[in-house]
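These notes concern the structure reproduced below.
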Amino acid sequence: MHTARRTHGFTESVIRGMTRLANEHGAINLAQGFPNFPCPDVLKEAAARAIREDLNQYAITWGAKRLRDALARKYAEWYGMTVDPEAEVTVTCGATEAMASALLAIVDPGDEVIVLEPFYENYGPDTILCGAKPVFVPIAAGAELDVDRLGAAFSQRTRAIIVCTPNNPTGRVLSRRDLEAIAELCRRYDAYAVTDEIYEHIYYDGKHIPMATLAGMRERTVTISGASKTFSVTGWRIGTIVAPPRATDAIRKVHDFLTVGAPAPLQEAVAVALETLGPDYYETLARAYRTRRDLLHGALIDAGFRCRPPEGAYYILADFAGLSDLPDDEFARWLTCEVGVAPVPGSSFFSRPESGRKLVRFAFCKTEEQLREAGERLRRAVEGGSGR
């Protein structure tokens, strides 16, 4: 007996593995990107009310009507996008399922999918599950997108490019120039842009520009987002997809056979949040995360890491070369087990592990108190001269 060859190159999620290691050693978990503070009361109350009112059976497979309508109104308010909730919106079990469903719906075996790196660890396996080939294109930290290098990666076999902005793991926000360059290549090669916009409301500079709002891109963009990061409910698994009708029809079929549907009472609660929380909520969200960003960034610099403050999302990818000669996986394990602060080894975000051997990623979606304690532990470790 044997297992499918498509799985043989997969490893266990490094991020989830680091969470288990943190739990085993009582470390502060700055590895996995889930908040340790409560979500807004309006979501909890709406979810409890929906359960009490017996909204406990299947919703419409592709999403409860109330939530799809609320999403369509929000896209109009936020970005001026006209979205048909009946033909262009799909609600999934998290943005992770959304990405898998979208790629399975639009990518054929033998196609190529361009992945900008560093990247979230699911993108490569998602592409391989489609029988397609991931084509990785590095983006240098602090530099403009190398349009010529990106253009050389496109070919007649390119079916899609995955774009994550704000980016996990770097926190980079692609500029309008970068997005326009990607859009031009998608139009030239008749390729889809599959955009991971789960951090769309966690911005520190500028504003979010959905790829679908650029000229000629509405009909070739699959926009993925969800409730996890915006409302601090990562365990609820409510993801969303906005796509043109033909793509949506295919996505809904895949989604139906993968998971049937997302949790009905939680869809109701997210709809209530979208209907009732105003601009002040999103402004406060970004402001609070800016404070956390500055706190952790300062602590990392003080401890001897080299890193840039992210422009969005809630991660810092930090260089520890000045602190230790260990490779990233051993350094991350040492930090977790001996120092009590768990990061993610940087190599998990690169197609060639050696590219991330001196990097670790920290998440700052934690209380300020916990981030201060993490910073103090890192400072004490450096002062102790250990870790080499």
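No gaps in the numbering here: position 30 of the sequence shown is 35 in this note's numbering, and each next residue is one more.
All C-beta atoms, glycine included, are put in the ideal place defined by N, C-alpha and C.
No experiment lies behind these values; they were computed from the predicted model shown.
For residue i, three-class secondary structure by DSSP
i: D334; result: helix
i: V138; result: One detail in the question is off: residue 138 reads as Lys in this sequence, not Val. Strand.
i: F42; result: coil
i: C98; result: coil
i: F159; result: coil
i: Y287; result: helix
i: Y125; result: coil
i: A379; result: helix
i: G262; result: Residue 262 is actually Phe in this sequence, not Gly. F262 falls in the helix class under three-state DSSP.
i: N34; result: strand
i: P350; result: strand
i: P250; result: helix
i: V387; result: helix
i: I119; result: strand
i: P114; result: coil
i: E17; result: coil
i: T175; result: coil
i: H213; result: coil
i: P268; result: coil
i: E280; result: helix
i: M104; result: helix
i: A188; result: helix
i: E373; result: helix
i: Y23; result: Sequence check: residue 23 is Met here, not Tyr. If DSSP states are grouped into helix, strand and coil, M23 belongs with the helices.
i: T8; result: coil
Cutoff 8 Å; reference residue i; Cβ partners in own chain excluding five residues on either side
i: R257; result: T66, W67, T95
i: Y71; result: Note on identity: in this sequence residue 71 is Arg, with Tyr being the wrong assignment. Cβ within range, chain order: Q272, E273, A276.
i: E91; result: R73
Burial state of residue i, where buried means 16 or more other Cβ atoms lie within 10 Å
i: E149; result: exposed
i: R382; result: buried
i: K363; result: buried
i: H13; result: exposed
i: F355; result: buried
i: R197; result: One point to set straight first is that residue 197 is Tyr, not Arg, in the sequence displayed. Flag for Y197 reads buried.
i: H7; result: exposed
i: Y125; result: buried
i: G266; result: buried
i: E93; result: buried
i: D3; result: Residue 3 lies beyond the residue range present for the chain, which begins at 6 and ends at 393; the question has no answer from this structure.
i: S160; result: exposed
i: R242; result: buried
i: E359; result: exposed
Residue nearest to residue i in terms of C-alpha spacing, selected from the options
i: E29; options: A347, L364, L184; result: A347
i: K138; options: G147, Y128, A157; result: Y128
i: D261; options: A103, G221, E288; result: A103
i: Y80; options: D195, L279, P123, R11; result: L279
i: E224; options: T253, R242, T239; result: T253
i: L340; options: R385, T200, W83, D74; result: R385
i: T101; options: L282, T245, P315; result: T245
i: G38; options: I20, D46, L48; result: I20
i: T264; options: V344, S329, K212, T97; result: T97
i: W83; options: K371, I144, L282; result: L282
i: A188; options: L155, N173, D59, G211; result: L155
i: F42; options: R377, R192, T175, E373; result: E373
i: D195; options: L60, Y209, T226; result: T226
i: V247; options: T235, D324, S230, C191; result: S230
i: Y287; options: M86, F236, G221, A9; result: F236
i: P40; options: R313, R297, A165; result: R297
i: V168; options: V118, I33, E335, I133; result: V118
i: F15; options: A77, L322, L134, V344; result: L134
i: A323; options: P143, I306, V120; result: I306
i: T228; options: Y209, G211, P250; result: P250
i: A232; options: H206, D299, E343; result: H206
i: V120; options: V140, I111, A110; result: V140
Contacting residues, own chain, Cβ-Cβ under 6 Å from residue i (five flanking each side not counted)
i: P114; result: G136
i: P171; result: V178, Y204, G317, A318
i: D131; result: M104, A105, L108
i: A75; result: A276, L279, E280
i: G380; result: A304
i: I399; result: Since the first residue shown for the chain is 6 and the last is 393, residue 399 is missing from the structure and cannot be characterised.
i: E58; result: none
Beta-ladder partner(s) of residue i, from DSSP
i: F236; result: F236 pairs with nothing; no bridge assigned.
i: A198; result: I166, T226
i: A64; result: Looking at the DSSP assignment, A64 forms no beta bridge with any residue, so it has no partner.
i: D324; result: R311, L364
i: Y208; result: G317
i: T245; result: V96, S230
i: P143; result: E122
Any non-hydrogen atom of the ligand FAD closer than 7 Å to residue i Cβ
i: N28; result: This structure lacks the ligand FAD; in fact it carries no ligand of any kind.
Own chain, CB closer than 7 Å to residue i, minus 5 neighbours either side, in chain order
i: G327; result: G309, R311
i: L184; result: I214, M216, L219
i: V349; result: V19, I20, M23, A36, A337, V365, R366
i: D333; result: P350, G351, S352, G361, R362, K363, L364, V365
8 Å Cβ cutoff, residue i in contact with chain B
i: V47; result: Absent from the structure: chain B. Only one protein chain is present.
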